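Residue numbers (my numbering), protein chains in the order written: chain A, 1 to 225; chain D, 1001 to 1194; chain Y, 2001 to 2229.
The beta carbon of each residue, even a glycine, is placed where N, CA and C say it ideally should be.
Everything numeric in this text was worked out from a predicted model, so none of it was measured.
The block underneath contains the structure these notes are about, expressed in structure tokens.
In structure tokens, the structure reads:
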């Protein structure tokens, strides 16, 4: 349950959201592409308003790509079909174009050899990288990551974080809910600490990690770091 | 007409379920019943037995037929129930030194029943509806009443509608009652799944 | 007056069995088509679709199939005077109406079994309801539907025996006729029972083959079972 947030995310900015479980971090993220509905206030992504019943939610969702904690790849489709599905059916790109884009993206995340494999045969890290490629295939303006590495074995976390780092360096606007403090410190432009449905403190990684102002932030960080 | 529906209700109340049994004979019995229509089973009992010297009136024939039929399906439901109880519970019972029969009675039976309760009550409702087939062997139950009344009054549509609504009403009530029963009987399990 | 049960009596029984198979095949296919439509309506975001399908399903499943058969066979000609319904057609209509409701519940169960994350991932990519249903949800739901679907077909075969009240000469009715000719109900109906058994068991074997090939196994607790109808 979110109690009242005010947040502005600039283009090319990487924002990491940290906080204890139940703090509303995921809910906050999911409001941004309409997976959770808001009861008051407004959300605007790239000039599309989410709270306006007249606007087509699916248009907004094309601007925001999402990567889930449990990957949610489509098990009945091969890797490349997973990536091509939305461009083909939603953006209505031609098959050749979609395929070319999919192959490029899969190469980018290092999985071009697994194009025709099925999700059931992939490791968690591979699945998550496919999920990233799938979200990127729609040319989103912003990428939303909901605890992308929480369900992965520790050895595999690195390969996914590497892809995310590259993405950040290329200038993608990202909002990442994560427990990986190292990633947040290295890559984030801004860190939000959330607790009990509110943004308790926000600032640059240096500010938050080295000199947290709020008592709750300090408490959380001392347990986690 | 009232007698017709009363008898239908009595019939399905008189049924007993059967707990899972082990042996080839039982499997054959269960498979035979489940792969043949109830009507044919009733025919066999009602028409065939007299030639062996046993004369049955429709009520007894239907009672026996429905009971035997229901037992087979109930046995399968219980089998699923027993298999759904986690192995760990059985092992805990063994570790405590209980005999197999005791384990079944005290540890397995209740969680198994809780898990299959929806299926069991569903079976009851189906049994109620299946009693209508008894009408074909002239059992004086609701469907039979429907046909008799419509033959005498020639108002088939109305009679069918009323009869249909009666069935619908009772089965709806049974559905609600079973949901209520589930939460009351198994209060310890609300919110969990054994 | 009665002659003994003889091999030649097998012929009308086999003819009856064949008619039963045809009846079930047609009603089965139609029932599946309408059942899928109903099942999708039952789970759709549209309130009207949900309402109508739920009402239909609840009504049909709350009434004995025999009553439905009576309604179609006796009632429809009364509602539409002058409309002559062929016995086979009215049997198919009755069985299809019944089957559709049953299949709809199976479809609903399978759609609801597809993990919610799949739906969310599809939505996050911008797929609208119909695209999501067609490319993500239904392909996965269809695989789940098969084992209970097999059970439904077996139930349909057994339910078809009730069509005997319309006079259609399917297997059970053929059994009646032969009994009247031979005066030997035991042998006749045992043969009838065996024939039903062969058909039903055959279908369940096919189902088990499918399960082995695709590795799908469904928790029997979640399925609606048919009683001995």
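- Looking at the DSSP output, residue 48 of chain A bridges to A:45.
- Nearest CB-CB separation between residue 2117 of chain Y and chain A: below the 9 angstroms threshold.
- Inside the segment 34-113 of chain A, DSSP marks whole alpha helix (DSSP H) runs of 4 or more residues at positions 57-63, 79-89, 95-108, from first to last along the chain.
- Counting only the Cα atoms, residue 2124 of chain Y lies some 51 angstroms from residue 2080 of chain Y.
- Considering only A:21, A:29, A:13, A:14, the residue with the shortest C-alpha distance to residue 5 of chain A is A:29.
- Taking the beta carbon of residue 2040 of chain Y as reference, no residue of chain A falls within 7 angstroms; the closest one sits roughly 18 angstroms away.
- Within chain Y, 2122, 2125, 2127, 2131, 2135, 2136 have C-beta atoms less than 9 angstroms from the C-beta of residue 85 of chain A, given in sequence order.
- For residue 2196 of chain Y, the closest of Y:2024, Y:2009, Y:2007 by C-alpha to C-alpha distance is Y:2024.
- Annotated three-state conformation of residue 2159 of chain Y is helix, per DSSP.
- Bounds of any beta strand (DSSP E) do not take in residue 1139 of chain D, whose DSSP letter is neither H nor E.
- By the neighbour-count definition (other C-beta atoms within 10 Å, threshold 16), residue 2029 of chain Y is an exposed residue.
- Between residue 1075 of chain D and residue 1030 of chain D, the beta carbon gap of about 6 angstroms places them in contact (Cβ cut-off 8 angstroms).
- For the pair of segments examined, the segment 2199-2212 of chain Y was found to touch the segment 2154-2162 of chain Y: the number of CB pairs separated by less than 8 angstroms reaches three.
- When 7 angstroms is used as the limit between beta carbons, residue 176 of chain A is near no residue of chain Y, the shortest such separation being about 15 angstroms.
- Here DSSP, grouped into helix, strand and coil, assigns residue 203 of chain A to strand.
- About 6 angstroms separates the beta carbons of residue 2050 of chain Y and residue 2042 of chain Y, which is inside the 8 angstroms limit, making them a contact pair.
- The C-beta separation of residue 2069 of chain Y from residue 2162 of chain Y comes to about 6 angstroms, placing the pair in contact by the 8 angstroms criterion.
- Assigned with DSSP and collapsed to three states, residue 192 of chain A falls in strand.
- Judged by DSSP secondary structure, residue 146 of chain A falls within the beta strand (DSSP E) whose first and last residues are 142-146.
- According to DSSP, residue pairing for residue 173 of chain A in a beta bridge involves A:142.
- Separation of the CB atoms of residue 90 of chain A and residue 2133 of chain Y is rounded to 14 angstroms, and the pair is thereby denied contact status at 8 angstroms.
- Listed along chain D are 1047, each with a C-beta nearer than 8 angstroms to that of residue 2179 of chain Y.
- Closest in C-alpha terms to residue 2172 of chain Y, from the list Y:2180, Y:2183, Y:2189, Y:2181, comes Y:2189.
- The continuous beta strand (DSSP E) containing residue 15 of chain A extends over residues 14-18.
- Under the 10 Å beta carbon count, residue 1 of chain A is surrounded by fewer than 16 other beta carbons and is classified as exposed.
- A Cβ-Cβ distance of about 6 angstroms is found for the pair residue 64 of chain A and residue 144 of chain A, placing them in contact under the 8 angstroms criterion.
- Taking a beta-carbon distance threshold of 9 angstroms, residue 73 of chain A counts as an interface residue toward chain Y.
- D:1146 is the residue among D:1146, D:1039, D:1171, D:1152 whose C-alpha sits nearest the C-alpha of residue 1162 of chain D.
- For residue 198 of chain A, the beta-bridge partners assigned by DSSP are A:195.
- Judged by DSSP secondary structure, residue 2054 of chain Y falls within the alpha helix (DSSP H) whose first and last residues are 2047-2061.
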